[in-house]
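Visitor:
Number of protein chains: 2
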Amino acid sequence: MKGATIRDVARRARVSHQTVSRVINGHESVTDETRERVLRAVRELEYVPSAVARSLSSQRTHTLGMVTTDVSDHFFAEAVAGAEAEARKRGYFMIIGSIEEGSEDDERTYLHLMLERRVEGLIVAVPRLRLAEDDPLADAVARIPTVLVASDIDLAGADHVDIDNRRGGHEATGYLVAQNHRLIGTITGPLDWPSARARLDGYRDALKDAGIAADRTLVEPCVDWGLESGRRAAERLLASAPKLSAIFAQSDLLALGAIATLRARGLRVPDDVSVVGFDDIPVSSVVDPPLTTVRQPMREVGELAARLIGDRAASSRKTKGSRHTLRAPLIIRGSVARLDGGRIR
Amino acid sequence: MKGATIRDVARRARVSHQTVSRVINGHESVTDETRERVLRAVRELEYVPSAVARSLSSQRTHTLGMVTTDVSDHFFAEAVAGAEAEARKRGYFMIIGSIEEGSEDDERTYLHLMLERRVEGLIVAVPRLRLAEDDPLADAVARIPTVLVASDIDLAGADHVDIDNRRGGHEATGYLVAQNHRLIGTITGPLDWPSARARLDGYRDALKDAGIAADRTLVEPCVDWGLESGRRAAERLLASAPKLSAIFAQSDLLALGAIATLRARGLRVPDDVSVVGFDDIPVSSVVDPPLTTVRQPMREVGELAARLIGDRAASSRKTKGSRHTLRAPLIIRGSVARLDGGRIR
DNA sequence: TAGGGCTATGTTACCGGTCACATCGGAGAA
DNA sequence: TTCTCCGATGTGACCGGTAACATAGCCCTA
């Protein structure tokens, strides 16, 4: 009763299985009358074609695999959504693997499982991934189109998509400088994330451009990107540089955490201390004050990744790996105040 | 060169393909020496077994399908992450379909595509889904284990997982009442979402329990769950009931939007007006004031959904659809103030 | 020492589609 | 009228695994 096959339908419609195949694939050269008969049989038997059998036979799975650090993180969720939408437009399905914190070799396991599934493309969004010797990822790249998202791994043959973190960091810091800030602290994400390092580089570039001497005590790294870390980092920062007038936090959550600390110390934002974030998560526009931040277009990142794979699959020739960097624009809101010329807090 | 099959490996190792199958599946009764030989051939040919062929032959895909409204929404992203983690634990892979706003029949298309893929279970998290006559979803339920998340559709044979929205709404409102609030407004989500209606019911229950008369002008529905809507709803609410002392917003974003409006009107939170939200999104704990809210355990919802499918698949007998309601606890923070006895703002 | 039973391995069919090619019948051309 | 060609349909192999059964040694026991 359950699981009619193409041959069951054929028998019922009194045609060959091949004719059924023609009908369900919309091929020409089938009489209207025959088609009708077949379709009726399909309905009566509640026949649903098997993508599995089709894949085996046609050697196409129409499936893309995506491995991410954690889908529940807004950042990756957006990328997944973007990739999914774009993939779907092109007739692909998406299978996802979300790597739980803690398990070491999970990326590799996932990768292998996806290869077994014969995905036709791979999106790897695992920022901290380091390449081992003889890494299975290299194998994967050799087999199927692969896009590395937000990774600093340099893998020949793979496409790379990333945010221009350095420029983003530069703009954020540069904006603070333009508002006459001179003593600018920064709260960074974990420095084993390439994005954190890049943003820090941007911060330093901007200070250098402005002729402001680098000061190590103004750089406060965190172990994660969360609120609590921002809170504590701000405390350390205030301890080591009580007179700073601005903070560039590498994520909105870090920024919000920092703001909480500032408030707790009786400092007003932005009147006493200005704050710039990074991400532009949905709440950033409604917190008090609305957060000035650098917007990460993660959805576009996901879309682009899927599009690259689609294009590559379509052209089917092996191109060299391309490199795409999406601009992360500064969104100016209300958490930065202009400092009166020369005044130091 | 690319795509060695089990027979290629067999030839190379000078055994039958069946022996290769035994080795890669870790079967007993293979000599160490033979196994070694096979494994070497596997390595040399870079053989990766085809899950597609395996699925066709074994009639198992080890795949779960999940259809959601929008993965980039924190709410669903959490559920996806939870489901994914649990599925993985049980050896399942997850394919996801995220329904873009606007396209009407997408759920059905996705459903059909997933049936074609022969998913072994289906998680449908599409709150506003309405059942059409002769709905394909009913077919799906008849074929494979299905879990409906946050839906009020009553489908025999399907399992249901949901948050106890009514109780959540009741607790939130009841808490305000306990703090001596009497004039309590509510900002609801779109009322075609079952969760919005349930929370509203909870709100009404609580008022009734306290002997407070219902007042239609205190209920302000929104077209979505976002900040901007919260802002505007609060304005309408203040216009129609300027003396209210508390607001129960059905999402944290609505609550934050409302707080923004209150601030703009010079009203302090919680001193002048208390606010309770719903969701407990990550920022809720760090905004100013920290938001008192009802926590939705979405991750657990996803986990439970996946677990139910796993159990059902394992027992393989058709149980009646079960119904699971997860408690959404009130998280008390700082956005609610106690009203002095009898005082009315 | 023959037969039973176990282990290691091979053989063949099958899962449910697609593909390449064969076949058949009728319309149009010579 | 006969030949040709083409549209409609059928046949059998194949995709890459798994399952069930067959077979060949080997050890042990009676």
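Chains A and B supply the protein sequences, listed in that same order.
Under the numbering used here, the first residue of the first sequence is numbered 255, with each subsequent residue one higher.
Under the numbering used here, the first residue of the second sequence is numbered 255, with each subsequent residue one higher.
Glycine included, C-beta positions come from ideal geometry on N, C-alpha and C.
Sort B:D389, B:T315 and B:H424 by Cα distance to V373 (chain B) and report the nearest one.
Guide: With distances taken between Cα atoms, V373 (chain B) lies closest to B:T315.
Visitor: Using a Cβ-Cβ cutoff of 7 Å, what residues of the segment 316-344 of chain A are near chain B? List them in chain order.
Guide: Those residues of the segment 316-344 of chain A that come within reach of chain B (Cβ to Cβ, closer than 7 Å) are D324, V325, S326, H328, A331, E332, V334, A335, E338 and A339.
Visitor: With DSSP as the reference, label H316 (chain B) as helix, strand or coil.
Guide: Three-state result, H316 (chain B): coil.
Visitor: Inspect the beta-carbon positions of L508 (chain B) and C476 (chain B) and report whether they are closer than 8 Å.
Guide: Their beta carbons are under 8 Å apart, which means L508 (chain B) touches C476 (chain B) by this criterion.
Visitor: What's the gap between the Cα of A264 (chain A) and the Cα of S309 (chain B)?
Guide: Those two C-alpha atoms are separated by around 23 Å.
Visitor: Do E425 (chain A) and L584 (chain A) have their beta-carbon atoms positioned less than 8 Å apart in this structure?
Guide: Against a cut-off of 8 Å, the Cβ pair of E425 (chain A) and L584 (chain A) comes out as a contact.
Visitor: Which residues in chain B sit within 8 Å of G511 (chain A), going by Cβ to Cβ distance?
Guide: Neighbours of G511 (chain A) on chain B, chain order: V540.
Visitor: Along the segment 355-378 of chain A, where does the CB come closer than 8 Å to a CB of chain B? Name the residues.
Guide: Flagged, chain order: H366, L367, L369, E370, R371 and R372.
Visitor: State yes or no: is the beta carbon of L521 (chain B) nearer than 8 Å to at least one beta carbon in chain A?
Guide: Cβ-Cβ to chain A under 8 Å: no for L521 (chain B).
Visitor: Can you list, in chain order, the residues of its chain whose CB lies under 7 Å from that of T427 (chain A), leaving out five sequence neighbours each side?
Guide: If we look at T427 (chain A) and ignore the five residues flanking it on each side, its Cβ neighbours are I438, G456, Y457, A460, L461 and F502.
Visitor: Throw me the rounded Cβ distance for the T322 (chain B) and S352 (chain B) pair, which I believe falls under 8 Å.
Guide: The Cβ separation is near 6 Å, so the contact holds.
Visitor: Could you tell me which whole alpha helix (DSSP H) segments of length 4 or greater appear in the segment 440-514 of chain B?
Guide: Fully enclosed alpha helix (DSSP H) runs of 4 or longer: 448-463 and 481-494.
Visitor: Quick one: Cα of L545 (chain B) to Cα of N279 (chain B), how far?
Guide: Using only the alpha carbons, I get a separation of about 53 Å.
Visitor: Along the chain, where does the alpha helix (DSSP H) containing G531 (chain B) start, and where does it finish?
Guide: No alpha helix (DSSP H) holds G531 (chain B); the beta strand (DSSP E) holding it covers S528 to D533.
Visitor: Among B:K497, B:A410 and B:S539, which one has its Cα closest to the Cα of A514 (chain A)?
Guide: For A514 (chain A), the nearest C-alpha among the options comes from B:S539.
Visitor: So what does M348 (chain A) bridge to, in DSSP terms?
Guide: The partner list for M348 (chain A) (beta bridge, DSSP) reads A:L318 and B:I350.
Visitor: In chain order, which continuous runs of the alpha helix (DSSP H) of length 4 or greater are located wholly inside the segment 265-295 of chain A?
Guide: With a minimum length of 4 residues, the continuous alpha helix (DSSP H) runs that stay inside the segment 265-295 of chain A are 271-278.
Visitor: What first and last residue would you give for the alpha helix (DSSP H) that runs through G564 (chain A)?
Guide: Where G564 (chain A) is concerned, the enclosing alpha helix (DSSP H) stretches over M552 to S569.
Visitor: Quick one: using the 10 Å Cβ neighbour count with 16 as the cut-off for buried, is R561 (chain B) buried or exposed?
Guide: Answer is buried; the Cβ neighbour count reaches 16.
Visitor: Name the chain B residues that come within less than 8 Å of E489 (chain A), Cβ to Cβ?
Guide: None at all; the shortest Cβ gap to chain B is about 14 Å.
Visitor: Flag this pair as touching only if the segment 338-353 of chain A and the segment 338-355 of chain B have three or more C-beta atom pairs under 8 Å; answer yes or no.
Guide: Cβ pair count under 8 Å is three or more, so yes.
Visitor: For a test of the three-state rule: what should DSSP assign to I260 (chain B), helix, strand or coil?
Guide: If DSSP states are grouped into helix, strand and coil, I260 (chain B) belongs with the helices.
Visitor: In the DSSP assignment, what residue or residues form a beta bridge with H328 (chain A)?
Guide: None, per the DSSP bridge assignment.
Visitor: Output, in chain order, the set of chain A residues within a Cβ distance shorter than 9 Å of L385 (chain B).
Guide: Per Cβ cutoff of 9 Å: no residues; L385 (chain B) is ~18 Å from chain A at best.
Visitor: Cβ of E557 (chain A) within 8 Å of Cβ of L580 (chain A)?
Guide: No, the Cβ-Cβ distance between E557 (chain A) and L580 (chain A) is not below 8 Å.
Visitor: Would the segment 443-456 of chain A and the segment 394-408 of chain A be scored as touching if the rule is three or more Cβ pairs under 8 Å?
Guide: Because the criterion of three Cβ pairs below 8 Å is met, the segment 443-456 of chain A and the segment 394-408 of chain A touch.
Visitor: Give the range of the beta strand (DSSP E) segment to which G375 (chain B) is assigned.
Guide: Looking at the DSSP string, the run of the beta strand (DSSP E) that includes G375 (chain B) is G375 to A379.
Visitor: Does H366 (chain A) come out as helix, strand or coil in the three-state DSSP assignment?
Guide: Helix at H366 (chain A).
Visitor: Could you compute how far the alpha carbon of L481 (chain B) sits from the alpha carbon of S505 (chain B)?
Guide: Approximately 9 Å, taken between the alpha carbons.
Visitor: From Q313 (chain B) to V523 (chain B), what distance separates their C-alpha atoms?
Guide: If you take the alpha carbons of Q313 (chain B) and V523 (chain B), they lie about 59 Å apart.
Visitor: Residues of the segment 498-510 of chain A in Cβ contact with chain B at a cutoff of 8 Å, in chain order, please.
Guide: So the list reads L507 and L510, given in the order they occur along the chain.
Visitor: Chain A partners of V602 (chain B), CB-CB under 9 Å?
Guide: Because chain B is modelled from 255 through 599, residue 602 (chain B) falls outside the range shown and cannot be assessed.
Visitor: With H, G and I counted as helix, E and B as strand and the rest as coil, what does DSSP make of L584 (chain A)?
Guide: Note: L584 (chain A) maps to strand in three-state DSSP.
Visitor: State yes or no: is the C-beta of I563 (chain A) within less than 8 Å of the C-beta of L299 (chain A)?
Guide: Not in contact: I563 (chain A) and L299 (chain A) (Cβ atoms no closer than 8 Å).
Visitor: Output needed for A205 (chain B): all residues of its chain with C-beta closer than 6 Å, excluding positions within five of it in sequence on either side, in chain order.
Guide: Because residue 205 (chain B) is not part of the residues shown, which for chain B are 255 to 599, the question remains open.
Visitor: Tell me the rounded alpha-carbon separation between V277 (chain B) and R297 (chain B).
Guide: Approximately 13 Å, taken between the alpha carbons.
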